[in-house]
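Here's the structure, in structure tokens; my notes come after.
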Amino acid sequence: MALRADRLNLSVPGKILCRDLTLTVRPGECWGILGRNGSGKTTLLHALAGLSTPERGVVTWAGQPLADYPRRELARRIGVLPQDEGGEFRGTVRDYALLGRYPHSAGFASAADDEEAALAALRRVGMAGLAGRALNTLSGGERQRVRIAMLLAQAPQLYCLDEPLQHLDLGHQAEVLRLLRKLAAEEGKAVLMVLHETLWAGRFCDHALLLYDNGAIVAGAAAELLTGENLERLYQCGLQEVPTADGRCWIPA
Amino acid sequence: MNSHLSIWLASALVISLGSLLVGIALGSVNLPFATVLHALTGRETGLAADIVWQLRLPRVLAAFACGGLLALAGTLLQALLRNPLADPYILGVSGGSAVAALAAMLFGLAAAAVNLAALGGALGAVGLVFALGFGRGGSMVRLLLTGVVLSAGFGALISLLLTLAPGAEVRGMLFWLMGDLSQAQAPGVAWGILLAALALAWWQAGSLDILGLGEIKARSLGVAVRPLQLGIYFTASAATAAVVVEAGAIGFVGLIVPHFVRLLGAGGHRRLLPLAVLAGGSFLTLADTLARTVVAPQQLPVGVLTALLGVPLLLFLLARKV
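Pasting the structure below:
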């Protein structure tokens, strides 16, 4: 039960994002995808989640190409938190989280266990207390946590998250990352997330994927890849290393 | 939550039946409710029964079906285009239909031929918007703009036809353009389309909710986005075309009723769709009853009444809620 990308080619008009990328994401692993703006992190995430078809190469889940799965079957295995969705949702926080159960429900009436799953998901992000509130009355950060709850209610095997920390304060950033880390380490899920926070990536991800501007992609253990030298090259910006009690962090020089 | 829905539905059904009864009772000759009920149950014969069965019942049934269809089409298009300004006419169905129907009137064709032209024009507009808006790389923004631009073009052609028309014809044309149920016949077709479209839409209610989250999120949740969009587009177009052919371009119902129902607190489409249909049907039935009675025996175009009633109602609700 692993995600495997085999010799993947991706590009956007006028730019090659990656060539011959081969990658395996296993249950229990937590991956951070890092790179400069426009380096193709989202495009890569969408291709790995089966939302777009790569120019060449194939992405498989449990040995079967993603394109061969019926959409709902795939949605029970791979869930996505897009960067932003726009649009206005009229309804309560609970109704919103309940939409995550769509691939599991018969599509007509919501069963009692769907309601329970939605509430449990809201509890995990600390939003169960606001379950009855209208979603459009929440703050940006609260809404982000509810979006994560919808993904938890979907209960996929692989979580693909595009900047899951946007709008979150420092405390909630740590909380969400701890939750994602727990999904991988204790519940056997696989997590793949686009992050800009190198400090967090170093602390919570065991694997990293660095997308350089020239189209080179390096994948491997986070501890080996997240070095000052690599990050300087990645972000094209001078960095100063600051030692901390349990690792390193970098600030712009 | 489900008991909630049944309470809402029950009240909406009562209001709907009430509006139908009022529509049957009132007219150039007012009938007491007892007479109406006796006529409907076959215990009353004679002139009153003829008025009920031959004149009023077909008319209120046509009005109700058209109102329901417009509200359904508006709800669907607002979900498809993710735009609260979308109404059944935004994609040019009525414009195409009107151009063909007015041209047929200008050439002095019979009423049946005008209806046929209206149907042809509506289908032509649906096909044109579909081909241009859904083609390679099509997006909902492109679909919306295609519809708006074509509507503007049709509007110019309508003005041209009105200018060319001899004075005697213009009045009939204006009635057609403003929406008029006095020519409405065969409500059976409209009812068939209404029930089929509502069943289809209700079946996809969960997917419609999820479409509101954006295409990427919808696909990641397992919704087949493109087939769903096409299904909504054709369902809404068929609903609109049925109304336009039956009664011309009746404005405001498709825009106002979905918002009205939402402002009353119906969020998800499972609740929104049936309530919008019932509310739209009741609204148009009452508006048409007024159109027949305020200056009886003269009749007003019902489109004037829907706007005169609908605009202040929605403005009031908007001001109160926001």
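The listed protein sequences derive, respectively, from chains A and B.
Under my numbering, the first residue of the first sequence is numbered 1, with each subsequent residue one higher.
Under my numbering, the first residue of the second sequence is numbered 254, with each subsequent residue one higher.
By construction, the Cβ of each residue, glycine as well, lies at the ideal position given by its N, Cα and C atoms.
For clarity, every value in this text was computed on a predicted model and none was experimentally measured.
Return the first residue and the last residue of the alpha helix (DSSP H) that Q331(B) is part of.
-> 310 to 334
If you follow the alpha helix (DSSP H) that R94(A) is part of, which residue opens it and which one closes it?
-> 93 to 98
Output yes or no for whether 8 Å exceeds the beta carbon distance between W455(B) and L526(B).
-> yes
Would you tell me roughly how many angstroms separate the C-alpha atoms of L453(B) and E422(B), rounded to the nearest one?
-> 40 Å
Nearest-angstrom Cα separation, counted from G40(A) out to P13(A) | 12 Å
Indicate the three-state DSSP secondary structure (helix, strand or coil) for V125(A) in the structure shown.
-> coil
Mind listing the chain B neighbours of L122(A)? Cutoff is C-beta to C-beta under 9 Å, in chain order.
-> In chain order: nothing, as chain B lies at least about 16 Å away.
Cutoff 8 Å: Y102(A) Cβ touching any chain B Cβ = yes
Burial state of A532(B) (16 or more Cβ within 10 Å) = buried
Whole-angstrom distance between A47(A) and W61(A), CA atom to CA atom = 13 Å
Output the distance between the C-alpha atoms of T53(A) and P82(A), rounded to the nearest integer angstrom.
-> 17 Å
Buried or exposed: which applies to K189(A), given that a residue is buried once 16 or more other Cβ atoms fall within 10 Å of its Cβ?
-> buried
Within-8 Å CB hit, L571(B) to chain A | no
Would you say D462(B) reaches chain A, if we count a Cβ-Cβ gap shorter than 8 Å as a contact?
-> yes
Jot down the residue ranges of each uninterrupted alpha helix (DSSP H) in the stretch 154 to 210 of chain A, minimum 4 residues, whole runs only, in chain order.
-> 170 to 185, 198 to 204
Could you check which residue in V548(B), L561(B), Q551(B), H522(B) has the C-alpha nearest to that of L537(B)?
-> L561(B)
With 16 as the cutoff for other CB atoms within 10 Å, does H257(B) come out buried or exposed?
-> exposed
Please classify K470(B): is it buried, with 16 or more other beta-carbons within 10 angstroms of its beta-carbon, or exposed?
-> buried
Any beta-carbon of chain B closer than 8 Å to the one on L44(A)?
-> no
Show which residues of chain A have a CB atom less than 8 Å away from the CB atom of I469(B).
-> H46, L51, V80, P82, E85
Residue-level contact to chain A via CB, L526(B), 8 Å cutoff | no
Where does L21(A) fall in DSSP's three states?
-> strand
Proximal chain B residues relative to D95(A), where beta-carbon distance stays under 7 Å = G520, G521
Backbone CA spacing between A208(A) and L161(A) [nearest angstrom] | 14 Å
For A292(B) versus L447(B), is the C-beta spacing smaller than 8 Å?
-> no
To the nearest angstrom, report how far apart G171(A) and A216(A) are at their CA atoms.
-> 34 Å
In the DSSP assignment, what are the bridge partners of A134(A)?
-> T92(A)
A214(A) in three-state terms, based on DSSP = Position check: residue 214(A) holds Asn in this sequence, whereas Ala was assumed. Coil, per DSSP.
Count the other C-beta atoms from every protein chain shown that fall within 10 angstroms of the C-beta of Q331(B), then say buried if there are 16 or more, exposed otherwise.
-> buried
On the DSSP bridge assignment, give the partners of R143(A) in chain order.
-> Paired residues: none, contrary to the question.
Among R203(A), A253(A), V93(A), G50(A), which residue has its Cα nearest to the Cα of L74(A)?
-> G50(A)
On a CA-only basis, which of L314(B), G386(B), A278(B) is nearest S435(B)? Give me that one, please.
-> L314(B)
Count the other C-beta atoms from every protein chain shown that fall within 10 angstroms of the C-beta of E88(A), then say buried if there are 16 or more, exposed otherwise.
-> exposed
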